[in-house]
Each structure stands twice: as C-alpha cells, then as structure tokens.
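Participant:
2 protein chains.
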Amino acid sequence: MATDDAERLRAAGLKVTAPRKAVLAALGGQGHFDADTVFERVRGELPTTSLQAVYGVLAALTGAGLLRRIEPAGSPALYERRTGDNHHHLVCTKCHTVADVDCVVGQPPCLEPADAGGFAIHTAEVTFWGLCESCRSEPAA
Amino acid sequence: MATDDAERLRAAGLKVTAPRKAVLAALGGQGHFDADTVFERVRGELPTTSLQAVYGVLAALTGAGLLRRIEPAGSPALYERRTGDNHHHLVCTKCHTVADVDCVVGQPPCLEPADAGGFAIHTAEVTFWGLCESCRSEPAA
DNA sequence: CCAGTTGTTTTGATTCATTCAAAACAACTT
DNA sequence: AAGTTGTTTTGAATGAATCAAAACAACTGG
Chain U
131 MATDDAERLR
141 AAGLKVTAPR
151 KAVLAALGGQ
161 GHFDADTVFE
171 RVRGELPTTS
181 LQAVYGVLAA
191 LTGAGLLRRI
201 EPAGSPALYE
211 RRTGDNHHHL
221 VCTKCHTVAD
231 VDCVVGQPPC
241 LEPADAGGFA
251 IHTAEVTFWG
261 LCESCRSEPA
271 A
Chain P
131 MATDDAERLR
141 AAGLKVTAPR
151 KAVLAALGGQ
161 GHFDADTVFE
171 RVRGELPTTS
181 LQAVYGVLAA
191 LTGAGLLRRI
201 EPAGSPALYE
211 RRTGDNHHHL
221 VCTKCHTVAD
231 VDCVVGQPPC
241 LEPADAGGFA
251 IHTAEVTFWG
261 LCESCRSEPA
271 A
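Respectively, the protein sequence lines represent chains U and P. Count along the first sequence starting at 1, add 130, and that's the number in this note's numbering. Count along the second sequence starting at 1, add 130, and that's the number in this note's numbering.
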C-alpha cells in the first residue's frame, strides 16, 4: 500500500518523499482530516515534519488529483483520498463530523441547474446538513 | 424600504439600531457580500461604525433569519438577503463571483441522498462551480 | 556512482478572516 | 425620566492558511 503510494506519486509527476508518503498513509483509505490532524498523525512516525510541509504536501497532492479537498462551512479545509468519483458529503450540524454520500437519487444529480446564468458549469457540489447518529442519541448539548 | 427594515428587525425581536438598518441597506435587495464589503458600504453613511459591529450585526441578523450566510470554498463568508427559499449558488472558479440559482431540475433536488448514513438531514446545499460569463470572455488571466 | 539541477522541506514570519472581552452606550420598557 | 437589557465600541487575540528565503533531498544524466 505504501509502495502503491510511491507509485501514485511518481505517476503524478511528483517526487517521492517521506513526508508525502507519510501524509498519504496518515489519510488512510477513508475519512476526512484537516491539516492539523494530518500533521499530528504524520509526526507520529516522521517527527521532523513541519506543519508547513504538511500544507505544502496537501496542496501538491490535491493539485495532482491524489486528494480531494472540501471546505464545509464552519470547518477548516478537510482532505480525503476518495477522488475521481464525484461523491457528496453529509455534515453534522453539531459535531461537524463528515460522512460520504455515494450519490443522490437516480442519476448524476443536480448537475443541471434550472438556469446556469451564463456560467459554464463543470462541477456540482452537494452538502447535506443534519444531525449524525450519535449527536441524535445524546440530546444533552 | 428602510422603514420596512425597521419593522422586520422589530418582528424578529431585535432592537432597531442605526448599524442594523445600515447593514440591511448596504446589502440591498440582492447580491452576496462579505463582512468587509458591508463594512465599507456602511461606513459610507455611518462613519462611526466599527468592523466588529458589522460582524455582530451580521451574526444577529443571520441568527434571526433576516440574512443567509454562505461560505463557498476559497471565499470569506458571504451574506445575502434572500432567505426562506432554499436557493442555490453558482460560483466562478476564477473570480469567485456568486450568482443565485433558483432551483434545480424538477422538484426539490438532491434532498434525498441515496443513503443518509444515520443522519437526520434538514438541509441540502448545492454549489455549482464554473466560469462566469465575463471570465469566459477574457481568457487572458 | 557522483555531481548537478530542480523541486521539496524547513524555519520563521506574516496575512486574512473572525472571534473574544470589557467598558461605554443607546433602545425599549414602565 | 430612569432603569434594564441588549448593542456597539475599543482593543486585543485566535485559528487557518500563506509567503519567502535558505537548507536540503530526489531524480536526471554523465
């Protein structure tokens, strides 16, 4: 898996470095993490890494299409490894947990606004807001 | 209109103050403005107003449902007076201009994710990304 | 395998958007 | 008109992210 990551980096035309492999490893297969969390995780096995390096790596990998970046209102930017598919997100209003949504009813949803107002649209981003399972369980705020 | 604004403030249980009326006036009927732009506009006719006051007013009015706040990735928070309808937004990838989209094809769109993953969803927010008319015209960046 | 080139990371500082807190003040109530 | 409460001012602080220069490490080509 780590080996595959090196391969992916090379394929994207990026140099294979320890911080980059560590960031990819830190993000794991799934989940949504902010720069700071990635930093903490990376530090665990590569203690010399700086936060700025993490920002740099995240930007490089996002630019290369190896990561996807989302910015839900009220949260810092989050990064995830699931790319390519245009999946959407569920965000908890209370704890800001994020979950993936495979896609919406029927076909490619929402890609057709009623009136594009002169815009050449290339992406539709859908964010669902609600209460996650555990926040629903504990009503005590 | 300014009179109506006073009425609206009262109806929302908020005190009617000069900064609040000025903020509502600055936002006008349509458009999307960040706190700083609102501040500049408010200053024009109420020069003693502080930026913090503008933040406070924007938060109060948003909380009261008189304003809607959106946070497109890469932009500071934007405020608009169109509330109540759940309309969506078109954001220009290049100049970050925002336009309203009345709604998506057919019916209330996208409100039904394929799998809500245990979330109790109450809102679906759709953001379309693309190039606006004028950014399409001038390819020279 | 070594040296050069280029891209990456470190180090340190800075910006931008926003929030916090206490004191001064103004709007609504009686 | 005076009091109470909510607002605004003033001043400072925070969090997230970016910028810039110097130190460094990965890939190229010899």
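Every residue gets a Cβ at the ideal spot worked out from N, C-alpha and C, and that includes glycine.
Residue range of the beta strand (DSSP E) that residue 275(P) falls in?
Facilitator: Here chain P comprises residues numbered 131 to 271, so residue 275(P) is not present and cannot be evaluated.
Participant: I think residue 195(U) touches residue 142(U), with their Cβ atoms under 8 Å apart; what is that distance to the nearest whole Å?
Facilitator: Right, the Cβ-Cβ distance comes to about 7 Å (below 8 Å), so this counts as a contact.
Participant: Tell me whether residue 145(P) is buried or exposed, calling it buried when 16 or more other Cβ atoms sit within 10 Å of its Cβ.
Facilitator: Exposed, because fewer than 16 other Cβ atoms sit within 10 Å of the Cβ of residue 145(P).
Participant: Counting Cβ pairs, one atom from each stretch, are 3 or more of them under 8 Å apart for the stretch 178-185 of chain U and the stretch 179-187 of chain P?
Facilitator: Touching, no, given that fewer than three Cβ pairs across the two stretches are closer than 8 Å.
Participant: Taking the straight line between their C-alpha atoms, what separation do you get for residue 158(U) and residue 211(U)?
Facilitator: Their backbone Cα atoms lie some 7 Å apart in a straight line.
Participant: When burial is assigned at 16 or more other CB atoms within 10 Å of the CB, is residue 225(P) buried or exposed?
Facilitator: Residue 225(P) should be labelled exposed.
Participant: At 7 Å on the CB atoms, spell out the chain U contacts of residue 168(P), in chain order.
Facilitator: Ordered by position in chain U, no residue passes the 7 Å Cβ test against residue 168(P), which lies about 18 Å from the chain.
Participant: Closer than 7 Å by C-beta to residue 163(U): which residues in its own chain qualify, once you throw out the five before and the five after it? Chain order, please.
Facilitator: Once the five neighbours on either side are set aside, the close Cβ partners of residue 163(U) are 157, 208 and 209.
Participant: Please confirm if residue 229(U) has its CB atom under 8 Å from at least one CB of chain P.
Facilitator: For residue 229(U), the answer is yes, since a Cβ of chain P falls inside 8 Å of its Cβ.
Participant: Is residue 140(P) buried or exposed, if buried means 16 or more other CB atoms sit within 10 Å of its CB?
Facilitator: With fewer than 16 other Cβ atoms within 10 Å, it is exposed.
Participant: So, does the CB of residue 165(P) fall closer than 8 Å to a CB anywhere in chain U?
Facilitator: For residue 165(P), the answer is no, since every Cβ of chain U falls outside 8 Å of its Cβ.
Participant: Using 8 Å as the limit for Cβ to Cβ distance, is residue 203(P) near chain U?
Facilitator: True, the Cβ-Cβ gap to chain U drops below 8 Å.
Participant: Got a sec: does the ligand PLP put a non-hydrogen atom nearer than 7 Å to the Cβ of residue 146(P)?
Facilitator: As presented, the structure is devoid of all ligands, the ligand PLP included, so that no description of it is given.
Participant: Can you have a look at residue 135(U) and say buried or exposed, based on whether 16 or more other CB atoms are within 10 angstroms of its CB?
Facilitator: Looking at its Cβ environment, which holds 16 or more other Cβ atoms inside 10 Å, residue 135(U) is buried.
Participant: I'd like to know if residue 142(U) contacts chain P, where contact means its C-beta is closer than 8 Å to some C-beta of that chain.
Facilitator: Answer no: the Cβ-Cβ gap between residue 142(U) and chain P never drops below 8 Å.
Participant: Taking DSSP as the reference, what is the three-state secondary structure of residue 156(P)?
Facilitator: Reduced to three states, the DSSP call for residue 156(P) is helix.
Participant: I'd like to confirm the pairing. Which residues does DSSP put opposite residue 227(U) in its beta bridges?
Facilitator: Answer by DSSP bridge pairing: none, since residue 227(U) is not bridged.
Participant: Is there a Cβ from chain P that is less than 8 Å from the Cβ of residue 232(U)?
Facilitator: It does; some Cβ of chain P falls within 8 Å.
Participant: Pull up the distance between the alpha-carbon of residue 192(P) and that of residue 149(P), whole angstroms please.
Facilitator: Distance between the alpha carbons of residue 192(P) and residue 149(P): 15 Å.
Participant: Can you tell me which of the three DSSP states residue 174(U) falls into?
Facilitator: Note: residue 174(U) maps to helix in three-state DSSP.
Participant: Report yes if the CB atom of residue 260(U) is closer than 8 Å to the CB atom of residue 250(P), and no otherwise.
Facilitator: It is a contact, given that the beta carbons lie within the stated cut-off.
Participant: So residue 202(P) and residue 228(P) are supposed to be a Cβ contact under 8 Å. How far apart are they, rounded?
Facilitator: About 7 Å separates the two Cβ atoms, so the contact holds.
Participant: I believe residue 175(U) touches residue 152(U) by the beta-carbon criterion, under 8 Å. Please report the beta-carbon distance rounded to the nearest angstrom.
Facilitator: Correct: roughly 6 Å between the Cβ atoms.
Participant: Tell me the residue span of the beta strand (DSSP E) that contains residue 260(U).
Facilitator: Residue 260(U) -> beta strand (DSSP E) spans 250-261.
Participant: For the alpha helix (DSSP H) containing residue 187(P), name the first residue and the last one.
Facilitator: 181-193 is the span of the alpha helix (DSSP H), which, as asked, contains residue 187(P).
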